[in-house]
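Visitor: In terms of my numbering, the sequence shown has 3 at position 14, counting the first letter as 1, and numbering is strictly consecutive.
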Amino acid sequence: MVFLQEVIRQIYFLMSAFFGLLLLRALFKRTTRTSLVYDIVYAYAIIPFLLRALHIR
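Okay, structure coming up:
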């Protein structure tokens, strides 16, 4: 049971890293809506994913 819990936990962190990287890529590959407001929104959305992927939060 502990092993299964650890596997699920690692999958959770990998998924967080994956979605964080997708958002980070989308931040730099944008061709429309390149204003500062959208940069702030993307950064605000990326922060929780990166913190989880780094095991900080």
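For glycine and all other residues, C-beta sits at the position ideal for the given N, C-alpha and C.
#1: With DSSP collapsed to three states, give me the class of methionine -10.
#2: Does the distance from the C-beta atom of leucine 3 to that of isoleucine 35 stay below 8 Å?
#3: Considering just the uninterrupted stretch of the alpha helix (DSSP H) at leucine 40, what are its terminal residues?
Guide: By the coordinates alone:
#1: coil
#2: no
#3: 25 to 42
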